[in-house]
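K.L.:
So for the sequence shown, this note's numbering puts the first residue at 104; every next one is plus one. Pasting a structure here, questions to come.
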Amino acid sequence: MEIAERCFVPADLDGVWLVVAAATPEVNRAVADAAEARRIFVNAVDDPANASAFLSGVVRRDGVTIAISTSGEAPALTALLREALDAVLPADLRAWVSHARDERVIWRRERVPIEQRKPLLLRSLNRLYPSTLDRPADSCGDTDTTRTRAIEDGDTCVPWLHAPEDSWL
104 MEIAERCFVP ADLDGVWLVV AAATPEVNRA VADAAEARRI FVNAVDDPAN ASAFLSGVVR
164 RDGVTIAIST SGEAPALTAL LREALDAVLP ADLRAWVSHA RDERVIWRRE RVPIEQRKPL
224 LLRSLNRLYP STLDRPADSC GDTDTTRTRA IEDGDTCVPW LHAPEDSWL
């Protein structure tokens, strides 16, 4: 890496595909204009108006990658949301990935239509958890009535796995 203390010149972008601009809005605008002419992505730090690329908060765990962004408008919120998403992912996420991968092989072989796969996966993931018969009725905020119905449906203490089959959570 070479550091040159001087003003920006468009030739600084020769041979790159991404540039990070962290200067005044005027300099960032000059960088953005030069980058656009060369079809180069620009991440303009704290200057979304001059950016064509935004860094995201990324969670990488157990074969799952989740990225979130506020399009440069609220980086601190992006960080909070990343932490929140990481916190709600199940501890046994690796088992989920492995299970979903195995199911996908079967579905492809059996030509299961795409629209049927999500409800099948939700039901299949629920089978990874022990029976709910042993847990107290209110341990997941349910009542005796909803618990009885849930047990009959094979429910567990993972309520968001039980979204309507036509929803996308």
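Where a beta carbon is used, it is the ideal one built from N, C-alpha and C, also for glycine. Model, not experiment: these values are computed from the prediction.
Out of 156, 164 and 115, which has the shortest C-alpha to C-alpha gap to residue 176?
P.N.:
Indexing the sequence shown from 1 puts residue 176 at position 73. With distances taken between Cα atoms, residue 176 lies closest to 156.
K.L.:
Residue 209: buried (16+ other C-beta within 10 angstroms of its C-beta) or exposed?
P.N.:
As a first step, residue 209 must be located in the sequence shown, where it is residue number 106. Residue 209 comes out exposed.
K.L.:
Would you call the stretch 139-156 in contact with the stretch 114-126, where contact means no fewer than 3 C-beta pairs closer than 8 Å?
P.N.:
Touching, yes.
K.L.:
Cutting at 8 Å between CB atoms, please list the residues of its own chain near residue 181, excluding the five before and the five after it.
P.N.:
Taking the first residue of the sequence shown as 1, we reach residue 181 at position 78. Once the five neighbours on either side are set aside, the close Cβ partners of residue 181 are 159, 160, 171, 172 and 173.
K.L.:
Which first and last residues belong to the alpha helix (DSSP H) in which residue 112 is found?
P.N.:
For this step, residue 112 is matched to residue 9 along the sequence shown. First-last for residue 112: undefined, no H or E at that position.
K.L.:
Could you please give the first and the last residue of the uninterrupted alpha helix (DSSP H) stretch that includes residue 121?
P.N.:
Numbered from its first residue, the sequence shown carries residue 121 at position 18. Per DSSP, residue 121 belongs to no alpha helix (DSSP H); it is in the beta strand (DSSP E), 121-124.
K.L.:
In the DSSP assignment, find the unbroken beta strand (DSSP E) run with residue 146 in it and report its ends.
P.N.:
For this step, residue 146 is matched to residue 43 along the sequence shown. Segment 144-147, the beta strand (DSSP E) holding residue 146.
K.L.:
How would you call residue 134, buried or exposed, if buried means at least 16 neighbouring beta carbons within 10 angstroms?
P.N.:
Taking the first residue of the sequence shown as 1, we reach residue 134 at position 31. Buried: at least 16 other Cβ atoms inside 10 Å.
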